[in-house]
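This report refers to the structure that appears directly beneath it.
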Amino acid sequence: MDLSAKFATTLAELREILTTTDKLTLVYFYTEWSPPCRNIRFDFMQVACTNTDMMYVAVNMDHAKAIGGKLDITLDDIPALVVFKDGHKVTTIKHVTKAIMYNTDYPTEPLEKNPKPL
């Protein structure tokens, strides 16, 4: 993946990324061995390289199960996106497709009334 996407393998790394940006942040959960993840890997890289209005973070579930666990993402859910704004989870999208990956119109307000930061 291009350096336009950041990588997180620990909750501390993800928290650091989320608290140092004011951009809408898409956290992409994947594995190397999953056929659906492999099918959209290039699309994630392309979007991360071309859309500078958002921050993109990749989380390999084989190396970062704690992050997935904290955000209720399992191996059955991947590929998945969790959208954050100002360090707060806005929405979760499971079983991401190419069309979803190229979407740039994500919600920007948390669905919960008093969201807790990650």
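With our numbering applied, the sequence shown covers 171 to 288. Glycine included, C-beta positions come from ideal geometry on N, C-alpha and C.
Judged by beta-carbon spacing, L251 lies within the 9 Å limit of T262, meaning their Cβ atoms are closer than that value. In the structure shown, N230 adopts extended strand secondary structure according to DSSP, grouped into three states. For I270, no pairing in a beta bridge is given by DSSP. The residues N209, I210 and D213, in chain order, have a CB closer than 8 Å to that of K268 in the same chain once the five nearest residues on each side in sequence are set aside. Residue pairing by DSSP places F254 opposite T195 and K259 in a beta bridge. Boundaries cannot be given for I243, as no alpha helix (DSSP H) includes it and DSSP labels it neither H nor E. Contact annotation, P277 with V260: C-beta distance approximately 5 Å; criterion of less than 8 Å satisfied.
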